[in-house]
Amino acid sequence: MATANISPVEREDYLNKHYGVSSWLFTTDHKRIALLYLISITLFFFIGGFFALLIRLELLTPASDLVQADTYNKLFTQHGMVMVFFFLIPSIPATLGNFLVPMMIGAKDLAFPKINLISWYLYIIGGIMMLHCMVTGGVDTGWTFYTPFSTAFTNTKIVEAGLAIFVAGFSSILTGLNFVVTIHRMRAPGMTWTRLPLFIWAHYATSIIQILGTPVVAITIVLVAAERALHLGIFDPKLGGDPLLFQHLFWFYSHPAVYIMILPSMGVVSEIISCFSRKRIFGYSFVALSSIAIAVFGFLVWAHHMFVAGMSVYAALIFSLLSYSVAVPSAVKVFNWTATLYKGSIHYDAPMLYAFGFLGLFTIGGLTGLFLAALGIDVHVTDTYFVVAHFHYIMVGGALMGYLGGMHFWWPKISGRLYPEGWARLAALIVFIGFNLTFFPQFILGYLGMPRRYADYSHMPEFQILNVFSTAGSTVLGIGYLLPMVYFLWSMRYGKPAPDNPWNAAGLEWKTQSPPTTFNFPEEPVVTWEAYNYDEIDKGHKEVPQVVG
Amino acid sequence: MFDNFPLWPDRASSMAGNVDALFIFLVIVSGMMTLLIFTAVVYFAARYRYRKGVPAEQIEGSTPLELTWTVIPLGVFMVIFAWGAAVYFKSRTPPRDATEIYVVAKQWMWKLEHAEGQREINELHVPVGRDVKLIMTSQDVIHSFFVPAFRMKQDVLPGRYTVAWFRATRPGTYHLFCAEYCGTQHSGMIGSIVVMEPAQYEAWMSGGSGGPLSATGEKIFAELGCATCHRADTQGRGPNLQGVFGKPVQLEDGRMVTADENYVRESILDPGAKIVKGFKPVMPTFQGLVSEEQVNALVAYVKSVSQAGAAGGKSAAATQPESAPSKAKGSQVQ
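Spelled out as structure tokens, the structure:
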């Protein structure tokens, strides 16, 4: 449905205004910083993905033959650390969020452009520390750093990896802070809270978690380093500490961190479903408030990671109950997205295919969360592949599908070019199939009892067939992720120039040129319409020929 | 044909059926929810696909619908919660007269000791139909005792006891896994649970053992000179341990605690932590002087001098409170 009204004249935009390395490294333009992030997180995504492929290859056969146990343990540890802290947490907020939050609310930039640049530098410093840590020996504790293994037993580079995450954490805090202030203070005239795109609501909720949660994991890392280096007795019972205290502190951040990953993705999906159904989102205020509800309840459920950890039975009951409270707003979102399709005018462009993929995978991921929150089931499936499958459905099936959908949706705005639609639809299909083939068998493996983090399962040959499925799926998935990378790069040179609003989408970001100028809008916009006013947009565009595909 | 491609785990404990029933219920409920959403998405996507000249119909939303799909899922969730909690409660409450087995985990090995004194490594023999309570601790990092066929899992922590229980229902050999990542050979920290018919089990049990665990504990109790203070009368510098186990204890600071396994353990390794009312903190710590196995034996011994008089226990002999606590008879456990 791209409209063909492209101006042939070369216009000034944020990409061609300045050239040269220093114009990028010292930029305070939120759009350029978004691209810096995009390049950096893509690098880390492929590093983490490479580890994932090695893990899957090792598990193709029961014996520990491709790599030794020590190497395997480092692979899954570093896969987790890289993917969680250096890809998923910054993924949508730092790239699409950075690019779009100011534009969607009609601002010239974020509230603190220099702090925004500092955020990226902190991320890069943390990233380099992590890379250095990995190439000089790595870490083997799992991304969860459980004590006392991490503080008293392993001889790998705990302190260095912890510091890398500590530094990157400040990047996350500053981004969240910037978004909250920007959303409060920089909205254009007429852009009231109830007219905000749901993408903004989602980022607002995410930012709250980043600001309140990240300091806790930072403190926890400092305590781990202190116990390891100075033998302060905090977590190690031999020194008078309590290992469960570590788990409480760790999950107090790391459970809400899942919502840092999934909420922005939910925001993206709201934008896409609304646009490609040509409809106002069903139950706008419920979708908006459910984001806030997820952020708030998300802080109250952390100990559901610890039902067999030696916690009191009564504490377990309360955390199980609260865990269901966070499932309700997630379910409300899914129902509202589904209802938005009703009586819509639905287009099947690539972003929408990713949104459909998100709906399917997030639904399965969410529903299997109900299994894990049920105490009696959790005892059997926790720390097995059931958990691995569940959180990959949420964090990869959900968060990553949203990220890719968003990248396709806003790519014309970001790059000024159209991506090849046919390839993009094919990639969406490959990702969906590859994902399910990789991770669905792991639910069964988990219920059968295969524990996670096993380098070797030669005494359990009965687990092999399902592992072969999973490994086969991961190669398909890998191709699905490589494809967009290739055609996005291709389109930067060979793609058709993008019109200002290729999707006829609502939202202020589409009311300026593609790519936008450095200050986004020629003059400050004044908003007089509700979000997702697709009825008005489509009335105005009746005469424009619609090109599908 | 499906030997190498099972789709359902063995079911060999009294808990397994409870867990499976809830699991199947959840599969059905979530299957229905998935079907509902997928059907709606596919149907709407096909039925309302873009057609030239047919605009979308704008719908703001519907509060009754929002309430419906908030309240109904919440109700379903509460059913799942209550059912899950009931199963969990049962799995976390060991029956009173369960046979006790002490488990010591270490990188990367399971050491198991029966109350009767048999010691095993990475293998545990149990009879069908008897309640078995595991009293577990770790010598180093956190491990997790996981028997999929029993649907049972419990983390094993250093510095304290955690408890789990099961009743095996079908003879056979089942996997024992460590489910909490514990270092290099984590995936090698596996073993098996051998469930036997009672007669076979008795035969296995009659094989050599160094005497009951509580008797070992009694020996250690004597060797360490514990009895000089913990005398079997009221004259000792430490509390009389007869009949203490399982009973509430009044502490010097006014708190009440139950004298369970963890309390006895703590009193040996960190005696100053909880002082019994009326006594002075004079006991030295035995941290580093006794191994985990020796602590287990001491706990078993303290337990035996209390159970002897109790009606329920498996102890055969009656206690003799006036005698020194080194009466082998009083700690006999069958």
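Respectively, the protein sequence lines represent chains A and B. Per the numbering used here, the first sequence starts with residue 1, numbered consecutively. Per the numbering used here, the second sequence starts with residue 550, numbered consecutively. For every residue, glycine included, the Cβ atom is placed at its ideal position computed from N, Cα and C.
Any beta carbon of chain A sitting closer than 8 Å to that of residue i?
{"i": "residue 682 (chain B)", "result": "no"}
{"i": "residue 730 (chain B)", "result": "yes"}
{"i": "residue 651 (chain B)", "result": "no"}
{"i": "residue 599 (chain B)", "result": "yes"}
{"i": "residue 714 (chain B)", "result": "no"}
{"i": "residue 701 (chain B)", "result": "yes"}
{"i": "residue 582 (chain B)", "result": "yes"}
{"i": "residue 633 (chain B)", "result": "yes"}
{"i": "residue 812 (chain B)", "result": "no"}
{"i": "residue 842 (chain B)", "result": "no"}
{"i": "residue 561 (chain B)", "result": "no"}
{"i": "residue 835 (chain B)", "result": "no"}
List the residues of chain B that residue i touches, going by C-beta distances under 7 Å, in chain order.
{"i": "residue 73 (chain A)", "result": "733"}
{"i": "residue 219 (chain A)", "result": "Residues of chain B passing the Cβ test: none, with the nearest at roughly 21 Å."}
So is residue i in contact with chain B if we call contact Cβ pairs under 8 Å?
{"i": "residue 66 (chain A)", "result": "no"}
{"i": "residue 543 (chain A)", "result": "Because the pLDDT at residue 543 (chain A) is just 44, under 50, the model does not fix this residue reliably, and the value given afterwards should be weighed accordingly. Not closer than 8 Å to any Cβ of chain B, the Cβ of residue 543 (chain A) fails to qualify, so no."}
{"i": "residue 375 (chain A)", "result": "yes"}
{"i": "residue 561 (chain A)", "result": "Residue 561 (chain A) cannot be examined here, being either before or after the span of chain A that is shown, 1 to 549."}
{"i": "residue 156 (chain A)", "result": "no"}
{"i": "residue 132 (chain A)", "result": "no"}
{"i": "residue 604 (chain A)", "result": "Absent from the model: residue 604 (chain A). The displayed extent of chain A is 1 to 549, so no value can be given."}
{"i": "residue 280 (chain A)", "result": "yes"}
{"i": "residue 284 (chain A)", "result": "yes"}
{"i": "residue 142 (chain A)", "result": "yes"}
{"i": "residue 63 (chain A)", "result": "no"}
{"i": "residue 309 (chain A)", "result": "yes"}
{"i": "residue 313 (chain A)", "result": "yes"}
{"i": "residue 250 (chain A)", "result": "no"}
What do you reckon, is the C-beta of residue i under 7 Å from a heavy atom of the ligand PLP?
{"i": "residue 103 (chain A)", "result": "As far as ligands go, the structure on display features none, and thus does not contain the ligand PLP."}
For residue i, which residues does DSSP report across the bridge?
{"i": "residue 727 (chain B)", "result": "B:694"}
{"i": "residue 715 (chain B)", "result": "B:681"}
{"i": "residue 651 (chain B)", "result": "B:662, B:684"}
{"i": "residue 451 (chain A)", "result": "A:384"}
{"i": "residue 417 (chain A)", "result": "A:497"}
{"i": "residue 741 (chain B)", "result": "B:672, B:724"}
{"i": "residue 600 (chain B)", "result": "B:603"}
{"i": "residue 733 (chain B)", "result": "Partner(s): none; residue 733 (chain B) has no beta bridge."}
{"i": "residue 825 (chain B)", "result": "B:800"}
On the three-state DSSP scale, how would you describe residue i?
{"i": "residue 139 (chain A)", "result": "coil"}
{"i": "residue 703 (chain B)", "result": "strand"}
{"i": "residue 512 (chain A)", "result": "coil"}
{"i": "residue 799 (chain B)", "result": "strand"}
{"i": "residue 859 (chain B)", "result": "Reliability of the predicted coordinates at residue 859 (chain B) is poor, the pLDDT of 44 falling under 50, and no value is obtained from them."}
{"i": "residue 346 (chain A)", "result": "strand"}
{"i": "residue 562 (chain B)", "result": "strand"}
{"i": "residue 265 (chain A)", "result": "helix"}
{"i": "residue 773 (chain B)", "result": "coil"}
{"i": "residue 674 (chain B)", "result": "strand"}
{"i": "residue 807 (chain B)", "result": "strand"}
For a contact defined as C-beta to C-beta under 9 Å, what are the partners of residue i on chain B?
{"i": "residue 524 (chain A)", "result": "Neighbours of residue 524 (chain A) on chain B: none; closest Cβ ~28 Å, over 9 Å."}
{"i": "residue 464 (chain A)", "result": "553, 554"}
{"i": "residue 296 (chain A)", "result": "Going along chain B, no residue has its Cβ under 9 Å from residue 296 (chain A), so there is no contact; the nearest lies around 16 Å."}
{"i": "residue 153 (chain A)", "result": "656, 689, 690, 731, 732"}
{"i": "residue 32 (chain A)", "result": "Ordered by position in chain B, no residue passes the 9 Å Cβ test against residue 32 (chain A), which lies about 36 Å from the chain."}
Which residues of chain B have a Cβ atom closer than 8 Å to the Cβ of residue i, listed in chain order?
{"i": "residue 277 (chain A)", "result": "597, 605"}
{"i": "residue 382 (chain A)", "result": "702, 728"}
{"i": "residue 534 (chain A)", "result": "605, 607"}
Along chain A, in chain order, which residues have C-beta atoms closer than 9 Å to that of residue i?
{"i": "residue 724 (chain B)", "result": "449, 459, 460"}
Under 7 Å between beta-carbons, which chain A residues line up against residue i? List them in chain order, please.
{"i": "residue 619 (chain B)", "result": "328, 332"}
{"i": "residue 739 (chain B)", "result": "459"}
What residues of chain A sit near residue i, judged by a beta carbon separation below 8 Å?
{"i": "residue 567 (chain B)", "result": "376"}
What are the residues in the region 317-337 of chain A lying within 8 Å of chain B by C-beta distance?
The region 317-337 of chain A vs chain B, Cβ under 8 Å: 317, 320, 321, 324, 327, 328, 331, 332, 334, 335, 336.
Under 7 Å, CB to CB, which of the residues in the region 640-670 of chain B have a partner in chain A?
Under the 7 Å Cβ criterion, the region 640-670 of chain B contributes 640, 641.
Please identify, using Cβ separations under 8 Å, the residues of the region 344-362 of chain A that lie next to chain B, in order along the chain.
Against chain B - using a Cβ distance shorter than 8 Å - the residues of the region 344-362 of chain A are 344, 345, 346, 347, 348, 356, 359, 360.
Give me the subset of the region 228-244 of chain A whose CB atoms are less than 9 Å from a CB atom of chain B, sorted by chain position.
So the list reads 236, 237, 238, 240, 241, 242, 243, 244, given in the order they occur along the chain.
If contact means a Cβ-Cβ distance below 9 Å, which residues of the region 421-447 of chain A contact chain B?
Correct list: 444, 447.
Select from the region 764-781 of chain B all residues with a C-beta closer than 8 Å to any C-beta belonging to chain A, and list them in chain order.
Per Cβ criterion, the list is empty.
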